[in-house]
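Participant: Start counting at 1 in the sequence shown, then tack on 15, and there's your number in the working numbering.
C-beta atoms are modelled at their ideal positions from N, C-alpha and C, and glycine is treated no differently.
Every value quoted in this text rests on a predicted model; they were computed, and no experiment measured them.
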Amino acid sequence: MRFVLYLLMMCTVALGVGFGLSYYALTDGRLFGAVEIGPWAAWPDAGSPTPNPYTRSFLVREGHLQLGQAEGIRFTATADSNGEPLTRDCSYVIAGMTPLATGWTLVAVDAQGVNIAASDADPVLRSSGLARPNDGAIAITIGKHLAAGNWLELSGDGPFSLVLSLYDTATFSGFSSDSSMPAITRESCP
16 MRFVLYLLMM CTVALGVGFG LSYYALTDGR LFGAVEIGPW AAWPDAGSPT PNPYTRSFLV
76 REGHLQLGQA EGIRFTATAD SNGEPLTRDC SYVIAGMTPL ATGWTLVAVD AQGVNIAASD
136 ADPVLRSSGL ARPNDGAIAI TIGKHLAAGN WLELSGDGPF SLVLSLYDTA TFSGFSSDSS
196 MPAITRESCP
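(1) What span of residues does the beta strand (DSSP E) with Trp55 cover, start to end?
(2) For Thr184, which of helix, strand or coil comes out of DSSP?
(3) How far does the beta strand (DSSP E) with Ile88 in it extend, from its first residue to its last?
(4) Apart from the five residues just before and just after Asp95, which ones in its own chain have a Cβ nearer than 7 Å to its Cβ?
(5) May I have the straight-line CA-CA distance separating Ala154 from His160, to the nearest angstrom?
(6) If you count every other CB in all the chains shown that lies within 10 Å of the CB of Leu22, and 16 or more means buried, which is it?
(7) At a cut of 8 Å, does the stretch 133-147 reach the stretch 85-94 through at least three beta carbon pairs?
(8) Excluding five sequence neighbours on each side, which residues of the same chain lie with their C-beta closer than 8 Å to the C-beta of Ala116?
(9) Out of Leu36, Val19, Met112 and Ser170, state which residue places its alpha-carbon closest to the alpha-carbon of Leu179.
(10) Work out the CA separation of Ala29 and Met196 for me, nearest whole Å.
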């Protein structure tokens, strides 16, 4: 009787762990297929002709057109550098260096992937349109309230994500050792 009880308990644990990890891999999966650098996460195999199974599930789940490996890579941040979720009630500063790329764009989106920039503002920030110091670092303020310098104005309420797309870059290709990404710092919350 004890043997049957242990056998049932082991089968239950094995099935729970197996199905739990499968569910995690298919719904979030950053542990398996994504690369995280600070608050930024990217799926380097997303543009390859034969992505790994975890990246393939990410592509199916997202349903967005991805950049090919030769075109670039897309980084997403849903939290600031301290791990706090990004919310439109707060103002943030993105500061630091970006990996070497021909160009990049930064956009704020909601959970459905809809751009949440204010209607009378630029919907996206481009690397070619920023004011920068001589060292090439970036400093961008993101929020609903007017800020000096580079500013991405948001509208609405609730959580959001930042999407940084690097175009024509050698990041993760084996030719670049530069893995620095800009930090996201919460400035103020009402």
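Facilitator: Reading from the atomic positions:
(1) Locating residue 55 in the sequence shown gives position 40, where the first residue counts as 1. Residues Trp55 to Ala57.
(2) For this step, residue 184 is matched to residue 169 along the sequence shown. Strand, per DSSP.
(3) As a working mapping, residue 88 is identified with position 73 in the sequence shown. Note, Ile88: beta strand (DSSP E), Gly87 to Ala92.
(4) Here residue 95 corresponds to residue number 80 of the sequence shown, with the count starting at 1. Closer than 7 Å at Cβ, skipping near neighbours: Pro54, Leu101, Tyr107, Ile199, Thr200 and Arg201.
(5) Here residue 154 corresponds to residue number 139 of the sequence shown, with the count starting at 1. Here residue 160 corresponds to residue number 145 of the sequence shown, with the count starting at 1. So the two alpha carbons sit approximately 16 Å from each other.
(6) Against the sequence shown, residue 22 aligns to sequence position 7. By the 10 Å Cβ count, Leu22 comes out exposed.
(7) no
(8) Start at 1 with the first residue of the sequence shown, and residue 116 comes out as number 101. Contacts found: Gly87, Ser142, Leu181, Tyr182, Asp183, Thr184 and Thr186.
(9) Working through the sequence shown from its first residue, we reach residue 179 at position 164. Leu179 has its Cα closest to that of Met112, out of Leu36, Val19, Met112 and Ser170.
(10) To locate residue 196, count along the sequence shown from 1; it is residue 181. To locate residue 29, count along the sequence shown from 1; it is residue 14. The straight-line gap from Cα to Cα measures roughly 39 Å.
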